[in-house]
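Be aware that the sequence shown starts at 1, since it is given in full-length UniProt numbering, and climbs by one per residue. No residue lacks a Cβ here, since even glycine has one placed at the ideal position from N, Cα and C. Computed from a predicted structure; not experimentally measured.
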Amino acid sequence: MTINGEKQADPEYVFSDSDRLFGRYTLLRRGKKNYCLVCWK
């Protein structure tokens, strides 16, 4: 899995504020074509 383009291998990874793009979004990618955009409030 990649978080904002950086590989993450730890299955118990906890998101932090530094993972947010523009303070609001996080882009997750699993595999080659499987993307998910997380919108934080």
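Check, Outcome
"In whole angstroms, what is the alpha-carbon distance linking PHE22 and GLU12?", "24 Å"
"Roughly how many angstroms separate the alpha carbons of LYS32 and ASP10, rounded to a whole number?", "19 Å"
"Who pairs with TYR25 in a beta bridge, going by DSSP?", "LEU21, CYS39"
"Please state the DSSP three-state secondary structure of GLU6.", "strand"
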